[in-house]
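**Student:** Pasting a structure below so you can have a look.
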Amino acid sequence: MANDPEEKQPPASPKEGPSAVKPPAAASGPASRAPAAPAAPAAKPLAAAAPPKPPAPSKEGPVPLDNDLVKRYKERFGDAIREAWIDRKQAILVVARERLVELATYSRDDEKFDWLSDLTAVDWPKREQRFDVVLNMYSFEKNERLRLKVYASADQRVPSVQGVWATANWEEREVYDMFGVVFEGHPDLKRILLPDEWQGYPLRKDYDILTQDTAWVRENLGIESGQ
Amino acid sequence: MAEQRIPFATHAETTVLGADEIVLNMGPQHPSTHGVLRVKLRLDGEKVIGSECVIGYLHRGVEKIAEHRTYTQFAPYVDRMDYVAAVSNGLGYCEAVEKLLGAEAPLRARVIRTILTELQRIASHLFWLGTHALDIGALTPLFYCLREREEILKIFEKYCGARLTTHAFRIGGLQYEAYDEFEKDVERFCKPFDKRVDEYESLLTSNRIWVGRTKGIGILTAKEAIDYAASGPVIRASGVKWDIRKAMPYAAYDLYKFEIPTGKNGDTYDRYIVRMEEMRQSRLICLQAIENIPAGPIMGKVGKVLKPPPGEVYHSIEAPKGELGYYIVSDGTTQPYRVRIRPPSLINLEAFDKMIRGHLVADVVAIIGTLDIVLGEVDR
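Protein sequence lines correspond, in order, to chains A and B. Heads up: the first sequence begins at 1 in the numbering used here, then just goes up one per residue. Heads up: the second sequence begins at 228 in the numbering used here, then just goes up one per residue.
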């Protein structure tokens, strides 16, 4: 299932320690989608050789997912479901940006993911669409979590889900504040943690202490910032 | 200084005022905002008809700092978010990274983590109760609450040397073995603690002033609480029986019996009752846990250099204030690519505007208090 079975199953039997868990970690290299895997297995070829545990490799690293939940989403939204994978037993759907509100409403009402626990973003500057906007949803009824992702470039607007979950209001403001992602349809999109006049978006990967808004700091705090 | 440069009312709702309306600025330096929270209130006489929270005065860029530290180096920083419940912050972070690594702490470590985290919950709730009661005008509970909290902090100090920003856990387990008298100290604190909670309750629960100041104030219905993604005691007081310790057990919570207290009306009084009962339940968890702390190693094999395989994980725990979530993205290097912290205080505070409308200015401090926010966590 799309949920996190690891969290549900009672781990009453004391696990024999992570040494038993480690080998699949190393073995996940080939199964993983990401090309950068060699970093992990390098250290422990020994452990990987010892116990051959075939079902475990999915333990780490993303693997494509195609379960009932994904099928339902695909049936309903077709191409709007771009990708689906499972990572650390947590289901992730990448969806079309334009249909986010529709998808969010469906998730809330029909799939009962009625609680938006978190909305955030990740910056991948080398990608054409550099931002992931990530919605972490939770369903009380199913006791499951599901993650929706949309991709957006710096000048693409993301539809606001503030109308679906009131909580998204501040979280979208924070994403705007930190990444400069603009949410279409947000009633009051302005900075939340930083001062209103601040220049730049701190959580972008190309922002560092040398590019921060020294002018603001000098003017308002009367100190020299940075190094 | 900076205050004058910022336009006073930028919010759409506070710009156009009626003839009898005023905008009152509260904070950021105000003793009952529990830190540096600034609230702009739109008033009609003494009635609040709109509000806006201005936050960020304590913003330190914790999420950015994380990207420039290794997984291990970042661990002490999380203690500085919710600094009255540092142990819980550390637990959430360590477990999230463990999940990312595919490792798990040994059972002994998980049991000790559970005990310390529950003590921390009691300490956090005690501090909340003392200051919340103080805000509303009951001075006495503060002294009692801090007296008991001190005992918990002493246990922390004996365990790891620090009282507040403890950095008690390590990724993969614990750095320190429990000291010799650990169980005894916890027992000595927990055994009489239910009487202490009764004592606080005798001061407040049926106190007419207390009831008058809290009953029917700041109502959040279950539907609204879900809409605003409130968590922890706030959502439970609204009648949603949901606790991550039960729903998705972590640490060693699946080994112990405890109840999830809920309220009916979702008002300030119910949140008070829920938190009082939570302290009793935490005491029970501690007592069950010290009975049998399993022997064994306290540190799992996670290696000295942590390099989680590429991927991402969202892990959340039931912190004293609500759901504390960590969303960590790894690119396979020793430093996290992105750490997003879902702070329960921030999200609970978002419902403030909903709760305050229609109430009096005096209720503002009651509602800020009942949300149990810590600005270090709101602003990060």
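For every residue, glycine included, the Cβ atom is placed at its ideal position computed from N, Cα and C. Every value quoted in this text rests on a predicted model; they were computed, and no experiment measured them.
On a Cα-Cα basis, can you pick out the residue from B:Asp247, B:Pro258, B:Arg265 that is closest to Phe579 (chain B)?
**Tutor:** B:Arg265
**Student:** For a minimum of 4 consecutive residues, which ranges assigned as the alpha helix (DSSP H) are wholly contained in the segment 364 to 406 of chain B?
**Tutor:** 367 to 387
**Student:** Going by Cα to Cα distance, which pick from B:Val324, B:Lys418, B:Glu325, B:Ile453 is closest to Gln508 (chain B)?
**Tutor:** Ranking the options by Cα distance to Gln508 (chain B), first place goes to B:Lys418.
**Student:** Using beta-carbon positions only, say whether Ala464 (chain B) and Arg423 (chain B) come within less than 7 Å of one another.
**Tutor:** no
**Student:** Any chance you could list the beta strand (DSSP E) runs of at least 3 consecutive residues sitting entirely within the segment 125 to 154 of chain A, in chain order?
**Tutor:** Complete beta strand (DSSP E) runs here, min 3: 131 to 139, 144 to 152.
**Student:** Could you check whether the Cβ of Leu203 (chain A) sits closer than 7 Å to any Cβ belonging to chain B?
**Tutor:** yes
**Student:** Do the segment 279 to 297 of chain B and the segment 350 to 366 of chain B make contact, defined as three or more Cβ pairs closer than 8 Å?
**Tutor:** Contact between the segment 279 to 297 of chain B and the segment 350 to 366 of chain B is not established, with fewer than three Cβ pairs separated by less than 8 Å.
**Student:** Which residue or residues does DSSP assign as beta-bridge partners of Asn158 (chain A)?
**Tutor:** Note on residue identity: the sequence assigns Val, not Asn, to residue 158 (chain A). In DSSP, Val158 (chain A) forms a bridge with A:Phe183.
**Student:** Looking at the unbroken alpha helix (DSSP H) that takes in Gly439 (chain B), where does it start and where does it end?
**Tutor:** Judged by DSSP secondary structure, Gly439 (chain B) falls within the alpha helix (DSSP H) whose first and last residues are 435 to 441.
**Student:** Just how far apart, CA to CA, sit Glu128 (chain A) and Ser153 (chain A)?
**Tutor:** 7 Å
**Student:** Using a Cβ cut-off of 9 Å, which residues of the segment 569 to 585 of chain B contact any Cβ in chain A, in chain order?
**Tutor:** Arg569, Leu573, Ile574, Leu576, Glu577, Ala578, Lys581
**Student:** So if I threshold CB-CB distances at 7 Å, which residues from the segment 183 to 203 of chain A count as touching chain B?
**Tutor:** Hits within the stretch, in order: Asp188, Ile192, Leu193, Leu194, Asp196, Pro202, Leu203.
**Student:** Does DSSP put Ala479 (chain B) in a helix, a strand or coil?
**Tutor:** In the displayed model, Ala479 (chain B) falls within coil according to three-state DSSP, outside both helix and strand.
**Student:** Under the assumption that Val413 (chain B) contacts Cys513 (chain B) (Cβ atoms under 8 Å), give the Cβ distance between them as a whole number of angstroms.
**Tutor:** Confirmed, about 6 Å.
**Student:** Could you tell me the distance, in whole angstroms, from the CA atom of Ala456 (chain B) to the CA atom of Pro547 (chain B)?
**Tutor:** 16 Å
**Student:** Quick one: is Arg145 (chain A) buried, meaning 16 or more other Cβ sit within 10 Å of its Cβ, or exposed?
**Tutor:** buried
**Student:** Quick check: what's the CA-CA separation for Tyr220 (chain A) versus Thr120 (chain A)?
**Tutor:** With the sequence shown as reference, residue 220 (chain A) is identified as Asn, and Tyr is not the correct amino acid for it. Take the alpha-carbon of Asn220 (chain A) and the one of Thr120 (chain A): they are about 29 Å apart.
**Student:** Would you call the segment 514 to 533 of chain B and the segment 384 to 396 of chain B in contact, with 3 or more CB pairs under 8 Å?
**Tutor:** no
**Student:** Can you give the beta carbon distance from Pro118 (chain A) to Asn136 (chain A), rounded, assuming they're within the 8 Å contact cut?
**Tutor:** The amino acid occupying residue 118 (chain A) in the given sequence is Asp; Pro does not appear at that position. That belief holds up - the Cβ atoms of Asp118 (chain A) and Asn136 (chain A) are roughly 4 Å apart, short of 8 Å.
**Student:** What does the Cβ neighbour count give for Arg374 (chain B), buried or exposed, with the cut at 16 atoms within 10 Å?
**Tutor:** exposed
**Student:** Say whether chain B places a C-beta atom closer than 7 Å to the C-beta of Leu116 (chain A).
**Tutor:** yes
**Student:** Would you say Arg565 (chain B) faces chain A, with C-beta separation under 7 Å as the test?
**Tutor:** yes
**Student:** Closer than 7 Å, CB to CB, is Asn67 (chain A) near chain B or not?
**Tutor:** no
**Student:** Return the Cβ separation of Val181 (chain A) and Val133 (chain A) in integer angstroms, given the expectation that the two are a contact with Cβ distance under 8 Å.
**Tutor:** 6 Å
**Student:** Classify Pro536 (chain B) as buried or exposed, calling it buried when 16 or more other Cβ atoms lie within 10 Å of its own Cβ.
**Tutor:** Looking at its Cβ environment, which holds 16 or more other Cβ atoms inside 10 Å, Pro536 (chain B) is buried.
**Student:** Taking its Cβ as the centre, do 16 or more other Cβ atoms sit within 10 Å of Asp306 (chain B), making it buried, or is it exposed?
**Tutor:** buried
**Student:** Rounded to whole angstroms, what is the Cα-Cα separation between Asp208 (chain A) and Gly288 (chain B)?
**Tutor:** Taking the straight line from one Cα to the other gives about 11 Å.
**Student:** In chain A, which residues lie with their C-beta within 8 Å of the C-beta of His359 (chain B)?
**Tutor:** Ordered by position in chain A, no residue passes the 8 Å Cβ test against His359 (chain B), which lies about 23 Å from the chain.
**Student:** Hey, is the segment 537 to 544 of chain B in contact with the segment 273 to 281 of chain B, meaning 3+ C-beta pairs nearer than 8 Å?
**Tutor:** no
**Student:** Which of the three DSSP states, helix, strand or coil, is assigned to Ala589 (chain B)?
**Tutor:** The answer is helix: DSSP assigns Ala589 (chain B) an H, G or I state.
**Student:** Using DSSP's beta-bridge definition, name the partner residues of Ile81 (chain A).
**Tutor:** A:Val95
**Student:** As a quick exercise: from A:Val63, A:Pro187, A:Ser107, pick the residue whose alpha carbon is nearest that of Phe77 (chain A).
**Tutor:** A:Ser107
**Student:** Span of the alpha helix (DSSP H) holding Tyr496 (chain B)?
**Tutor:** Boundaries of the alpha helix (DSSP H) harbouring Tyr496 (chain B): 495 to 518, taken from the DSSP string.
**Student:** How many Å lie between Arg340 (chain B) and Ile525 (chain B) at the Cα?
**Tutor:** Spanning the two alpha carbons is a distance of roughly 10 Å.
**Student:** Thinking Glu483 (chain B) and Ala516 (chain B) are a contact (beta carbons under 8 Å), I'd like their distance in whole angstroms, please.
**Tutor:** The amino acid occupying residue 483 (chain B) in the given sequence is Tyr; Glu does not appear at that position. The Cβ separation is near 6 Å, so the contact holds.
**Student:** Can you tell me where the beta strand (DSSP E) with Lys274 (chain B) in it begins and where it stops?
**Tutor:** Element bounds for Lys274 (chain B): 274 to 281.
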